[in-house]
Structures are given as structure tokens and as C-alpha cells.
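Number of protein chains: 2
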Amino acid sequence: MISIDEMKQLLAQSDPASVIAFVESFQPFDLANCVEKLDPAEQLQLLGLLPPDISAEIVEYLEPVLQYRILNQLEEKQTSLVLNEMSSDVVADMMLAIHRNQAEKLLALLPEDYRRKLQTLMTFPEHTAGSLATIDYIAARSMWTIERTLQHIRKIGHEAEITSYVYVTGNKGELVGVVSLKNIILAEPKTLLSDIVSGDVISVPASMEQEEAAELLSRYDLVALPVIDAKNRLIGVITVDDLIDVIHEEATEDIQKLGGSQPLTGTYFKSSVFHFYRKRIIWLLILFVAETYTGTVLRHYEDTLSEVIALSFFIPLLIGTGGNTGTQTVSTLVRALAVGEVQFRDIFRVIRKEVTTGLMTGATISLIAYIRALILGVESNIGLVVGVTALAIVIWASFVAAVLPLILHKLKADPAVISGPFITTLVDGTGLIIYFTIAKILLGL
Amino acid sequence: MISIDEMKQLLAQSDPASVIAFVESFQPFDLANCVEKLDPAEQLQLLGLLPPDISAEIVEYLEPVLQYRILNQLEEKQTSLVLNEMSSDVVADMMLAIHRNQAEKLLALLPEDYRRKLQTLMTFPEHTAGSLATIDYIAARSMWTIERTLQHIRKIGHEAEITSYVYVTGNKGELVGVVSLKNIILAEPKTLLSDIVSGDVISVPASMEQEEAAELLSRYDLVALPVIDAKNRLIGVITVDDLIDVIHEEATEDIQKLGGSQPLTGTYFKSSVFHFYRKRIIWLLILFVAETYTGTVLRHYEDTLSEVIALSFFIPLLIGTGGNTGTQTVSTLVRALAVGEVQFRDIFRVIRKEVTTGLMTGATISLIAYIRALILGVESNIGLVVGVTALAIVIWASFVAAVLPLILHKLKADPAVISGPFITTLVDGTGLIIYFTIAKILLGL
């Protein structure tokens, strides 16, 4: 960790050389964390005196609003240099987060060509492949020789963010393929790029959902993903670190959905209590209303309950076990669907697997339930009812939790619907019916 | 998708050229899926006639046992070529998955130097950084000139898997830093590597947990992670695709744990029903036994229940809502802890946030609960009991679900303990006590 106090002291001494020397031993990510904790004046002082490429790397990790505040208050020359060094996808995100007029002012500091490309990036909706693309890649024409390509790399290479590959385009800017820097080094100077280009490059349309792009990247073990427009023209390239962020975000969303709430849009502390409320109350209310069905069921069996009050002792236990079984099954399956291990066409294999497992866990639980009922001192025939119900509810929960995620996946419905609390609620009402039906039969009520 | 039938037909025609032409338009991952569906004889025919580098790329995606079967049955010359082209981390995994004698036989086909390095890789336990490392990287000495480094790259570069960076080592093999291929191209031929090496490279010890390595990679936006031994000597390099697999695995494990089961060790269909049973029954039983406590509570309030049987109608509704609230909170927090958004020292901020949210959702639910009770036709004072209990249980569940994950995280206990079903079970028993206490007070029983 970087000592904030040491940083503050060095800044107070106003000795640029020692500040730069201090900064050089740390990573941009950690420096950004440190910058967040400095006073606004110190932030400007630090980012104003560092070389623009280092300032740019640090600023990239800050929140858009802070990025803008700093860039807006630095001297114009430094602002322009830092802005030029920043990743174009980060700059586009910042521009979209600030007011249009503020963005215009900053954009005016950039060369026209770069500005135009940035403005294209800014047109892609959030969560699409296009919104993640950077334009700081190296492109070359397929008719160029290796020699000419190397000259080009030497000329523009120091500004590129994507440094392992050269993207090869045809006459109309269409993506022809990709050549690794390694293969450029291995090739003879007179070779044409078209001779060594690897043509089966995987590219994605700008409109593709970012999670789909992330899935392609993981499946094919790629380190960068070129983004094309409808005419196959290269628009930009997505780097692996942006897709790793997407993978993390998707997992966080899946976990929050499985927990029975709509996903938060920000991180934990950056989301307000009201945001928490809004994301949670909807499902809580839906499930609450659905759960009131249990009241109707119990009221229906009021006479049975009054007759054998001991039956009520086991209600939470039995429906709780059903809910637990359902939650286990649903979380395993929803994840397996998300990573593509299971498809709808596997539905019968899934049912067989889950119900067989339910039969085994149910039988185990059933035995313990029977013993527990006897220990609690209820009559042995009530113990029998509890044991048989435990088995039936576990199997029922396994079946429901196996089938519903697959069907909703097939219907392309929001997977958020199938959460642990959802299955628990569903099993609660139906489980009570199973319980009282078995009780009436076995106790002859 | 690749047509299996077309592949089978082409193989039946025994025309190597047309098979190779057909294969070239597909990705290794998809070809591997196709190979899995061929007959054993066709598998051998296909992988025997393809160029060794393409066969190697395909074989890398197969399961270790199938990898071995194929490598063992190909002609020895082809086996040796394919084995040499395969990623060293994949080869090490395969060697560890097969019998020692089988591994010895295959290892004998490799050059001695490579074999020794592979044997080192094979010593690292599963789930450590060392077990993910590949030795197919390019290393250079810090005293080399750019010219000499380029010669070296031209000599060994075509075998390297890591192609964007050159790892620079000192006299004793210790890791000095890293230079990108781009910077090598940009530098003058006579420059020494020591002059352009970036010294603040992030490396990890071979014994580091793989998830920690994955976290470093995401945090610092890296594309490869060098692995060192206790003496700072470079052992290998982890590529980003292996760490993306780790990120996926960790998320899958977290989801399964939050769902109340121990994580499966394999994918969905590759895990047996008995494996499912073993991973699920432990928590089901623990929770079942814990949940029997609800029976004890209900038995304790048997007189109250007999007196006002209508109270039992709301038991599943009230404890269900508590469980839903707890599950929402716990899933959000466990994920926030996993990705490092929340720490133990934030405990009071977390409690304030969760309890305030609980107050708001609880008040909403409470109102609906009161109305629902009136609609169900119970007396209005029972409606009041239900409304007040709903509020109390939601706040209680928010508090418990906020505190427990943080405490267990602090104690470095297995986070699997805090699952949705766990919180649900905990809230069930305590929720009943809250319910009957409020009922006794408000109804004057």
C-alpha cells in the first residue's frame, strides 16, 4: 500500500523529482486509490507534475466525475496531453458521463481525426461490444510489406494500447485478419502482410451484448477482440481487461439475482439505500403476495390442524427443507445454464439427475425426520407422516427446481425470476398441500 | 458449428488435403468438440494427418484421459511432435491425471531440458499459481542488446505461447522485469534490455492460491503473470486465459455455496449423482437439524397456538419473508466481500445501510401484511400482530445477514457457511420467537 502521508509530505515539499521517483515504484491502480484520498489541490498538483503518460494511466482508474474535474482544472496543455494518452474507451465513457457542453470543451483539445473516432465510439449503447472498444490499436493494410509495417509501428506504436497484434484491413477498411507482433518479427522484411495474415480471426459486431463478447473471448482463449460494423469495417478492439470486468459484473449480477433481488447497478457503497430499497422491494412484495397462498392453504386445513395441533410443529421444518433443496438445485442449474454447461435439450437428463439426487437426500432426511419426531415425543404415526412428507417434498422441490430454470431459459425470460427465494416460496405453498394430504391419508382424518 | 457428418465423410475419403482444407476454417475449440464426437479410429486418423501444431491446439481442449489415449496411440513421431507443440501447463495437467508409468513413457519423448522443466511444473499442488504456469515464454538476459534479443526471438519464438512480452532475467535466473515486443521493435538495435526493461513487474510466488493470482491480474489489468520461486527465479508464466477460467470457477463455487451446497468439483454432467448427493446432503442435514429448533419453539407456544389457531396461518408467510430478506442481503454482501468492495472494518457502515434498507422494505411489507390479514378475515388485532411482526422480522433478518458474513470473513471461516438456506434457517426459529412474543404482548395472552 502507498502511504498517503508520505505522498502528502512529498507534495508539500514541491520537489517534482522526488515525487516522480516515489510514484515510479507503484502501480497505476494503487496510485489511483491514493489520488482519491488526496485533497483536490493535491490531486491537481500531483497529476500536473507527473509525465502525461503516467498521469493518464492513473486517471483511467478514477470515477468519470473525478476524471473530468481533474482534467478540467489542469493546465490546458497538460489536459490535452493526458487526454491523448488515455485509453479511448475510458475517454468515451467519461464523455458520456459528463454534460454535453463539458464534453465538447474537452473534445476540442483532441486532434480532429481522433475526435471523430471517439465520437463514433460514443454512439454505442452501454453494455454493447462497441461501448468497450478502444481505437488505440495498430492497423495495417494487407498489401504492406513487413518492412513498411514495422516503420508504421515505430511511428504510431508508442500510442497504442493493444500491442501484441496488428489488425490487417483491406482497401475499404474491412477487417482481413490479424498478425501477431511475434510473427512480424519472425517474417522476412519483403513479405506481404497478406501472406502471413491469419484470416480466421474472430470478430464481433458493435451491437453484440458485452456478455456474449466475454463468452467468446473465454471460449476461444483470446486476448483481444476486434469490433466491426455492419460492413465488416474495423471500428475498434476490446482488450481482455475490459472483458474480465464484464465477467466479474455478470457473476455479481447472477449472484444478486439468485439471492432474490434485482441487481444493483453500482458497487456496494456507491449504491444508495434508496437504490437498495428499489432493487429489493419488488421481489420481496411479489414473493410476499405469492406466499400469502400458504395462509389460504392452512386455513383450508384448519379443522385438521385443530384436531392434531402437533402437525403444526413440523410446518417450518418440512417447508424449510423443501426450500433448501430447491435453492441448492436452482443455484447449481442457473450457473450451469449461464456458463453453457446445460441446455434446454438436456431437460430429461437434468430431471433424472436431480430427482435421483432428491430421492437419495430425501430418503436420508426422511429417516432423520422420523427419528426427530419420535424424540419430540409425538405419536409414532405423526412421525410417519413427517418422514413420508420430508421424502415427498424433497423430491418435489428437486423436480420443480430442475424444470423451471430450463423452461424459463428456453423462453428467454429474465433468469432473475428463478431465485432461491422464488423456489422457496413456490415449494412452501405446494409443500403444505403435500403435507396435509399425506397427513389426512395416513391419519385417516 | 462444424458438421460431424461432413468431417466423417471427408475422413472416409482418406484425402488428407481436403481434410486439412476443411479444418483450417474452424477454431481449435470447436474442432475439439467435433473430435470428441468422432469414433476412436477417426480421432486417430484426423489428429495423425493434421500438421502437429494444429493437432496440438485441438488436443489441448480435450479431457486429459482422451488426450492420453490419442497421444498414446498416434505414431511415435507424431506423438512427439504434438506433445512438443502443446502448452506446457496442459501437458503437466495431463501427466498428473494419468498413471505414473504412462506419464514416464510420454515424457521420454521430450527433449531432456523441456522434460526437466515440465517435471518442476508437475510438483506444484492443484489450485496454486505454479500449477497454472506455462514454460513456453520467451526469456532474455538483461545484458543482451535488442539485436541479440531479436535473434533469440527468431530462433525460439515460433514455439512460444506467450508472445507479447519478453521476460528479462539476471545472472542467476532471477526475474528482473519485462519488456513488451512493441518496445523491442521501437528500440534501437544496440540498446541493452537493461535500459528499457520495466522493473516494477508484478510477479507471484508459485505457492500463491490461484484465485489470489486471478485477483491481481484483474486489479492491475495484466495479460500475463510471471511466477517465481522463493529465490525470485522465474519458473513460468500464467496466461490470461487460464486465469479467466479461474475467475469462472470461483464464481461458480461462490454461487453453489450461496445456494447452500458444497461446490461440485466438476462440471454439471461430469459430476455423478452420488457426487451431487455428497455435496448437498451435508448442509441439508445440518440445516435440517438446526431447523428442528422451530418445532421446539412451536411446541413451547402450543397453548397460544391452540387458543388462537389463526396465528398458525401466518407462520410460513412471516418466516418466509424473513428468509427472503436475509437471502437478498447475504448474497449481495458475500459477493461484495469476494470482490473486495467490502471489508470487515466497514461493519458499522454495512449494518447502517442494511438495517435502514430493512426498515424501508419492512415498513412496506408490514402494511401489505396488515391488509392481507384483514382480507383473510381474521380479527384486526391479529392483523396488527402480523404487521408488526413482519416489520420486526425483516429488520432482524437484515441485521443478522449483514453481520454474520462480515464476522465469518474476519475469522477466515469457510464462507460456504453463510448461504441463503443458512440465513433462512436461522431466521425461521428466531422469527417464530419474535412472532409469538409480539402476539402475546399485543393479544394479552
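Protein sequences appear in the order of chains A and B.
For the first sequence, full-length UniProt numbering begins at 1 and goes up steadily by one.
For the second sequence, full-length UniProt numbering begins at 1 and goes up steadily by one.
For glycine and all other residues, C-beta sits at the position ideal for the given N, C-alpha and C.
Taking beta-carbon pairs under 7 Å, can you tell me which members of the region 241 to 261 of chain A lie near chain B? D241, I244, I247, H248, A251, T252, D254, I255, Q256, L258, G259, G260 and S261
Contact with chain A by P16(B), beta-carbon distance below 7 Å: Walking along the second sequence from the start, residue 16(B) turns up at place 16. Answer no: the Cβ-Cβ gap between P16(B) and chain A never drops below 7 Å.
Going by alpha carbons, who is nearest to V65(B) out of D30(B), Q102(B) and G48(B)? For the purposes of this step, residue 65(B) is identified with residue 65 of the second sequence, where counting begins at 1. Relative to V65(B), the option among D30(B), Q102(B) and G48(B) whose CA is nearest is Q102(B).
Since L44(B) and I70(B) are thought to touch, with beta carbons under 8 Å apart, how far apart are those beta carbons, to the nearest angstrom? If you number the second sequence from 1, residue 44(B) lands on position 44. If you number the second sequence from 1, residue 70(B) lands on position 70. At roughly 7 Å, the Cβ-Cβ gap stays under 8 Å, so L44(B) and I70(B) are in contact.
So which residues of chain B does V273(A) contact, with C-beta pairs closer than 8 Å? Here residue 273(A) is taken as the residue at index 273 of the first sequence, counted from 1. By Cβ distance, chain B contributes K353, T356, T357 and M360.
For V59(B), which residues does DSSP report across the bridge? Position 59 of the second sequence, counted from the start, is the residue given in the question as residue 59(B). Looking at the DSSP assignment, V59(B) forms no beta bridge with any residue, so it has no partner.
Using DSSP with H/G/I as helix, E/B as strand and the rest coil, what is P205(A)? Position 205 of the first sequence holds residue 205(A). Strand.
CA-CA distance, A310(B) and E379(A)? Position 310 of the second sequence, counting from 1, holds the residue named residue 310(B). Position 379 of the first sequence, counting from 1, holds the residue named residue 379(A). So the two alpha carbons sit approximately 24 Å from each other.
In angstroms with no decimal places, state the Cα-to-Cα distance between V385(B) and D428(A). Translated into the one-based positions of the second sequence, residue 385(B) becomes position 385. Translated into the one-based positions of the first sequence, residue 428(A) becomes position 428. Going from the Cα of V385(B) to the Cα of D428(A) covers about 22 Å.
What residues match up with P226(A) in a beta bridge as DSSP calls it? Walking along the first sequence from the start, residue 226(A) turns up at place 226. BP columns for P226(A) point to V237(A).
What number of angstroms, rounded off, separates the C-alpha of S312(A) from the C-alpha of G295(B)? For the purposes of this step, residue 312(A) is taken as residue 312 along the first sequence, with counting starting at 1. For the purposes of this step, residue 295(B) is taken as residue 295 along the second sequence, with counting starting at 1. Straight-line Cα distance between these residues: approximately 8 Å.
Go ahead and pull the three-state DSSP assignment for Y165(A). Stepping through the first sequence from its first residue, residue 165(A) is reached at position 165. Looking at Y165(A) - three-state DSSP - the assignment turns out to be strand.
List the DSSP bridge partners of L96(B). The residue you call residue 96(B) lines up with position 96 of the second sequence. DSSP lists no partner for L96(B).
For S398(B), is the beta carbon positioned less than 6 Å from some heavy atom of the ligand MG? The ligand MG is not part of the structure shown, which contains no ligands of any sort.
Closest to S198(B) by CA distance: which of V179(B), A187(B), G260(B) and E188(B) is it? Position 198 of the second sequence, counted from the first residue, corresponds to residue 198(B). The shortest Cα separation from S198(B) among V179(B), A187(B), G260(B) and E188(B) belongs to V179(B).
Where does E158(B) land, buried or exposed, given buried means 16+ other C-beta within 10 angstroms? Stepping through the second sequence from its first residue, residue 158(B) is reached at position 158. Checking the sequence, you will find His at residue 158(B) rather than Glu. Classification for H158(B): exposed.
In terms of residue numbering, what span does the alpha helix (DSSP H) encompassing R345(B) cover? Locating residue 345(B) in the second sequence gives position 345, where the first residue counts as 1. No alpha helix (DSSP H) holds R345(B); DSSP gives it neither H nor E.
Cross-strand partners of L175(A) (DSSP beta bridge): Taking the first sequence and counting its residues from 1, one reaches residue 175(A) at position 175. Answer is T169(A).
In whole angstroms, give me the CA-to-CA distance for K231(A) and V237(A). Sequence index remark: in the first sequence, residue 231(A) carries index 231 (1-based). Sequence index remark: in the first sequence, residue 237(A) carries index 237 (1-based). Distance between the alpha carbons of K231(A) and V237(A): 16 Å.
Using beta carbons (cut-off 7 Å, strictly below), is E63(A) in contact with chain B? To locate residue 63(A), count along the first sequence from 1; it is residue 63. No, its Cβ sits nowhere closer than 7 Å to a Cβ of chain B.
Hey, is R278(A)'s beta-carbon within less than 7 Å of any beta-carbon in chain B? On the first sequence, residue 278(A) is found 278 positions in, with the first residue counted as 1. Judged by the 7 Å Cβ criterion, R278(A) is not in contact with chain B.
First and last residue of the alpha helix (DSSP H) that includes residue 449(A)? What the structure shows of chain A is the stretch from 1 to 445, and residue 449(A) is not part of that stretch, so it cannot be assessed.
Which one of V19(A), R141(A) and F344(A) has the shortest CA to CA distance from E174(A)? On the first sequence, position 174 is the one that residue 174(A) refers to. It is R141(A) whose Cα lies nearest to the Cα of E174(A).
Beta carbon of residue 448(A), beta carbon of A392(A): below 7 Å? Residue 448(A) lies beyond the stretch modelled for chain A, which goes from 1 to 445, so this question has no answer here.
Counting contacts by CB-CB distance shorter than 7 Å, is E36(A) in contact with chain B? For this step, residue 36(A) is matched to residue 36 along the first sequence. Against chain B, the CB of E36(A) has no partner CB under 7 Å away; the residue lies outside that interface.
Around the Cβ of N324(A), are there at least 16 other Cβ atoms within 10 angstroms (buried) or fewer (exposed)? Working through the first sequence from its first residue, we reach residue 324(A) at position 324. With a 10 Å radius around the Cβ and a threshold of 16 neighbouring Cβ atoms, N324(A) comes out buried.
Here's a check: name, in chain order, each residue in its chain whose Cβ is nearer than 6 Å to the Cβ of A56(A), leaving out the five neighbours to either side. Along the first sequence, read from residue 1 onward, the residue named residue 56(A) stands at position 56. Same-chain partners within the cutoff: V82, E85 and M86.
Along the region 290 to 314 of chain A, what residues have a CB closer than 7 Å to any CB found in chain B? E291, T292, T294, G295, L298, R299, E302, L305, S306, I309, S312, F313 and F314
So which residues of chain B does E341(A) contact, with C-beta pairs closer than 8 Å? Position 341 of the first sequence, counted from the first residue, corresponds to residue 341(A). Per Cβ cutoff of 8 Å: T267, Y268 and F269.
Locate the alpha helix (DSSP H) running through I382(B), then write down its first and last residues. Taking the second sequence and counting its residues from 1, the one referred to as residue 382(B) is at position 382. Counting along the chain, the alpha helix (DSSP H) containing I382(B) begins and ends at S380 to K410.
Just how far apart, CA to CA, sit G362(B) and F399(B)? The sequence position of residue 362(B) within the second sequence is 362, counting from 1. The sequence position of residue 399(B) within the second sequence is 399, counting from 1. If I take the Cα positions, the gap works out to 12 Å.
The region 330 to 350 of chain B / the region 251 to 259 of chain A touching (three or more Cβ pairs under 8 Å): By the Cβ rule, the region 330 to 350 of chain B counts as touching the region 251 to 259 of chain A, because three or more pairs are nearer than 8 Å.
Apart from the five residues just before and just after F436(A), which ones in its own chain have a Cβ nearer than 7 Å to its Cβ? As a position in the first sequence, residue 436(A) is number 436, starting the count at 1. Annotation for F436(A): Y301 and T304 place their beta carbon closer than 7 Å to its own, counting only its chain and skipping 5 residues before and after.
Between which two residues does the alpha helix (DSSP H) containing I138(B) stretch? As a position in the second sequence, residue 138(B) is number 138, starting the count at 1. First-last for I138(B): I138 to R141, but that is the beta strand (DSSP E), not the alpha helix (DSSP H).
For D180(B), the three-state DSSP class (helix, strand or coil): The residue given as residue 180(B) occupies position 180 in the second sequence. With the sequence shown as reference, residue 180(B) is identified as Ser, and Asp is not the correct amino acid for it. Strand at S180(B).
Distance cutoff 7 Å, beta carbons only. Does V223(B) sit that close to anything in chain A? To locate residue 223(B), count along the second sequence from 1; it is residue 223. Yes, V223(B) counts as interfacial toward chain A.
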